[in-house]
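First to last, the protein sequences are chains A and B. Residue numbers for the first sequence follow our numbering, so the first one is 32 and each next one is one higher. Residue numbers for the second sequence follow our numbering, so the first one is 506 and each next one is one higher. Just so you know, even glycine gets a beta-carbon here, dropped at the ideal spot from N, CA and C. All values derive from a computational prediction rather than experimental measurement. The structure appears below as structure tokens.
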Amino acid sequence: EAGVAQSPRYKIIEKRQSVAFWCNPISGHATLYWYQQILGQGPKLLIQFQNNGVVDDSQLPKDRFSAERLKGVDSTLKIQPAKLEDSAVYLCASSLARDREDYGYTFGSGTSLTVV
Amino acid sequence: AQKITQTQPGMFVQEKEAVTLDCTYDTSDQSYGLFWYKQPSSGEMIFLIYQGSYDEQNATEGRYSLNFQKARKSANLVISASQLGDSAMYFCAMREGTGNQGGKLIFGQGTELSVKP
């Protein structure tokens, strides 16, 4: 099966600019996650979708970050305006959430964002 | 709140030897899942092994085994016969939440493993 697709792979922007990341999960995976991984740390969840509804966005900085999954398939994460501390790898993951005890989490290759 | 702790920022191991990466967790849930992931320098998160909280036997996957001690809330990863390609960051994670809405993964800080030839 095809994996989780993310684009772009790398992005460099100046602070106060905006940027958007795209994720296409594995077909049939109802749950989609966006994680932020700052260099030297473990990934931290930003937002979790179930189909096109938000399950958890408690750690999403809503004054500058937004995300959508309009048709319950692919998703876009946006940052506007970007700050230096947003420099990180943004990982998208999807899961089955049922039928398998381990939920079948699969991660994309990530988008590496550098804010200068 | 659920928490994962990895106390070893970096570890070295000689090629062909075994190594144990430590992980402790904190949760009040009765049902939970524990995971180990490998993240090479290329950045992708590679699933290694899974242990369910009700599994009585330790999980094994090839050269990877999970030493699950429920009473001590520890889930250490054992890699046998280390290879140079095992050099990477290793993350322990716990699934928070259950049911059809899925559950987010809570990650530890990671351990950087270096395998020496």
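**Message:** Can you check whether the C-beta of cysteine 599/B is within less than 8 angstroms of a C-beta belonging to chain A?
**Reply:** In the sequence as presented, cysteine is not what sits at residue 599/B; that position holds methionine. Closer than 8 angstroms: no.
**Asked** Which chain B residues sit within Cβ distance under 7 angstroms of proline 74/A?
**Response** What proline 74/A touches in chain B, judged by beta-carbon distance under 7 angstroms, is Phe612, going in chain order.
**Asked** Looking at the C-beta of leucine 122/A, does it have a partner C-beta in chain B at a distance below 8 angstroms?
**Response** Yes, because at least one Cβ of chain B sits closer than 8 angstroms to the Cβ of leucine 122/A.
**Request:** Determine the DSSP secondary structure at leucine 91/A, reduced to helix, strand or coil.
**Result:** Shown here, leucine 91/A sits in coil according to DSSP, grouped into three states, outside any helix or strand.
**Message:** Within 8 angstroms of any Cβ in chain A, is that where the Cβ of glycine 590/B sits?
**Reply:** It does not: the Cβ of glycine 590/B has no partner Cβ on chain A nearer than 8 angstroms.
**Prompt:** Relative to the C-alpha of threonine 142/A, which residue among Leu127/A, Val120/A, Ser126/A, Ala124/A is closest?
**Reply:** Out of Leu127/A, Val120/A, Ser126/A, Ala124/A, Val120/A has the C-alpha closest to the C-alpha of threonine 142/A.
**Item:** Boundaries of the beta strand (DSSP E) in which glycine 538/B is found, first to last residue
**Value:** First-last of the beta strand (DSSP E) with glycine 538/B: 538 to 544.
**Request:** Leaving out five residues on either side along the sequence, give the residues of the same chain with a beta carbon under 7 angstroms from the beta carbon of tyrosine 136/A.
**Result:** Excluding its 5 nearest sequence neighbours in each direction, tyrosine 136/A has C-beta neighbours in its own chain below 7 angstroms: Ala124, Ser126, listed in chain order.
**Asked** What does DSSP give as the partner residues of leucine 122/A in its beta bridges?
**Response** Answer by DSSP bridge pairing, in chain order: Tyr66/A.
**Request:** In angstroms with no decimal places, state the Cα-to-Cα distance between glutamine 37/A and glutamine 79/A.
**Result:** Looking at the two C-alpha atoms, the distance is approximately 16 angstroms.
**Distance between glutamine 511/B and glutamine 519/B (C-alpha atoms, nearest Å)** = Whole-angstrom Cα-Cα distance: 21 angstroms.
**Prompt:** If glutamine 507/B and aspartate 531/B are in contact, beta carbons under 8 angstroms, what's the gap, nearest whole angstrom?
**Reply:** Sure, about 6 angstroms apart at Cβ, within 8 angstroms.
**Message:** Taking the beta carbon of aspartate 94/A as the centre, do at least 16 other beta carbons fall within 10 Å, making it buried, or is it exposed?
**Reply:** Exposed, since its Cβ has fewer than 16 Cβ neighbours within 10 Å.
**Alpha carbon of aspartate 87/A to alpha carbon of glutamine 535/B, nearest angstrom** = Aspartate 87/A and glutamine 535/B: Cα-Cα distance of roughly 21 angstroms.
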